[in-house]
Amino acid sequence: MYQGKQKQRMGLPISKKMTISISLAVIYIISSLYIYPLCIVGDQFFYRIFYEDVQSLDFGDAFLSYRSTLGAFEPVYFLLVKTFSGVIEKDVLMSLANGALVFYLARWLSRNKVSWFVIPLFAINFYLLVLLFSAERLKISMLLLLISLEHQGIKKGILAALSFLSHTQAALLIVNWLSLKVAPIINGVLHGKFNKKSFAVLGLVALCMAVAVPMSEYMTEKVGAYSEKSSGPSELIKPLLFVALTLFYAKRDRLNAIILHSPLLFGAFLIGANRIVIFSYFIFLAYALKHKKGRNIGVIVTSLYFSYQGFNYLSNLFEHGDGFYGL
Numbered sequence: 102m103y104q105g106k107q108k109q110r111m112g113l114p115i116s117k118k119m120t121i122s123i124s125l126a127v128i129y130i131i132s133s134l135y136i137y138p139l140c141i142v143g144d145q146f147f148y149r150i151f152y153e154d155v156q157s158l159d160f161g162d163a164f165l166s167y168r169s170t171l172g173a174f175e176p177v178y179f180l181l182v183k184t185f186s187g188v189i190e191k192d193v194l195m196s197l198a199n200g201a202l203v204f205y206l207a208r209w210l211s212r213n214k215v216s217w218f219v220i221p222l223f224a225i226n227f228y229l230l231v232l233l234f235s236a237e238r239l240k241i242s243m244l245l246l247l248i249s250l251e252h253q254g255i256k257k258g259i260l261a262a263l264s265f266l267s268h269t270q271a272a273l274l275i276v277n278w279l280s281l282k283v284a285p286i287i288n289g290v291l292h293g294k295f296n297k298k299s300f301a302v303l304g305l306v307a308l309c310m311a312v313a314v315p316m317s318e319y320m321t322e323k324v325g326a327y328s329e330k331s332s333g334p335s336e337l338i339k340p341l342l343f344v345a346l347t348l349f350y351a352k353r354d355r356l357n358a359i360i361l362h363s364p365l366l367f368g369a370f371l372i373g374a375n376r377i378v379i380f381s382y383f384i385f386l387a388y389a390l391k392h393k394k395g396r397n398i399g400v401i402v403t404s405l406y407f408s409y410q411g412f413n414y415l416s417n418l419f420e421h422g423d424g425f426y427g428l
């Protein structure tokens, strides 16, 4: 009898959440298999060239092609493509990656008890579609970051490091998370308190720094290139909007919210808002979705707006082969 009650209390809800997550993943995989072949212009033009060329190149020449075609240095996406390019078609591989991203995103939403009334509002969210069909390296990076949220200790650190090694922009979120973890530990050490958790977090910091140092020259090169296109005080408008919305919902956690947004504001000032505001939006959601399980005006209004933007993105993609056409 006890086992039956235990199953009713624990087994069924977990099974239901898992079923929903898997179902959403399958829906997006099937949809992606139809949509991905239409993505032939913009960034996808270069992703396709690299995917086709890498099959016939040795490792060294393949990485040179990666640098010249995509202007990238991060190794995880390169290794992924180099491993599977001769085995599976690009559209199929990335459709499976889309399904995995949606699966872990759905798990994160359910784990944070977001209302199932709210979740459909993200179905064609602009930033979700950008990850699914345009920003492939960032998609893999965010997938690894979402997986890292399901682990603790060294596994979390390794997955976070791999996320950074997929796309350097992930450093903006990772640095934010580490700053929240490290600050109280440093305070504890100053007061003579040091435990296994403190050692583990500091170890993760050391691991992330070890990963970041070899990438520093590449990151400096990227910052210089982006800052020439857009930078300055005017680039702070969009991120500051999400800062204000975050502070409204953060309430007693406003200091941490400011800490999380600070590197993003600095990044927007240096390289422009377009590459940064997606992370500002994610931080806003992390706080706003906790308020009334996401059933609040901030989440609903922004979701409707980005759904409208997502509809325009899909229209451009279907008509011109690039979701960013004309934007």
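Counted the way this note's numbering counts, the sequence shown spans residues 102 to 428. Backbone N, C-alpha and C fix where the C-beta goes; we use that ideal spot for every residue, glycine too.
| Asked | Found |
| --- | --- |
| Please list the terminal residues of the continuous alpha helix (DSSP H) segment that includes Q145. | D144 to D154 |
| To the nearest angstrom, report how far apart F218 and R396 are at their CA atoms. | 8 Å |
| Is the separation between the beta-carbon of A369 and that of L337 shorter than 8 Å? | yes |
| Spatial neighbours of K118 within its chain, please: CB distance less than 6 Å, with the 5 preceding and 5 following residues excluded, ordered by chain position. | S211 |
| State the start and end residues of the unbroken alpha helix (DSSP H) segment that holds T403. | I398 to H421 |
| Going along the chain, which residues of its own chain have a beta-carbon closer than 6 Å to the beta-carbon of R110, five neighbours each way excluded? | Note that R110 has pLDDT 42, beneath the 50 cutoff, so the model's placement of it is unreliable and the number below is only indicative. Counting only Cβ-Cβ distances below 6 Å, and skipping sequence neighbours, we find nothing. |
| Going by C-alpha distance, which of R149, P138, A207 and T184 is nearest Y128? | It is Ile, not Tyr, that sits at residue 128 in the sequence shown. I128 has its Cα closest to that of A207, out of R149, P138, A207 and T184. |
| State the DSSP-derived secondary structure class of I372, mapped to helix, strand or coil. | helix |
| Drop a sphere of 10 angstroms on the beta-carbon of G411, count the other beta-carbons inside from all chains shown, and report buried for 16 or more, exposed for fewer. | buried |
| Please state whether DSSP places W209 in a helix, a strand or coil. | helix |
| Rank V378, I372, S133 and I150 by C-alpha distance to the C-alpha of H362 and give the top, closest one. | V378 |
| With a CB to CB cut of under 6 Å and the five nearest residues on each side skipped, what residues in its chain are close to V344? | H362 |
| Assign D192 to one of three DSSP states: helix, strand, or coil. | helix |
| Taking 8 Å as the cut-off, decide whether the C-beta atoms of Y414 and F227 are in contact. | yes |
| I believe N417 touches Y426 by the beta-carbon criterion, under 8 Å. Please report the beta-carbon distance rounded to the nearest angstrom. | 4 Å |
| Going by the CB atoms, is the gap between A262 and L246 shorter than 8 Å? | no |
| Where I131 and M195 are concerned, what is the direct C-alpha to C-alpha distance, given to the nearest angstrom? | 11 Å |
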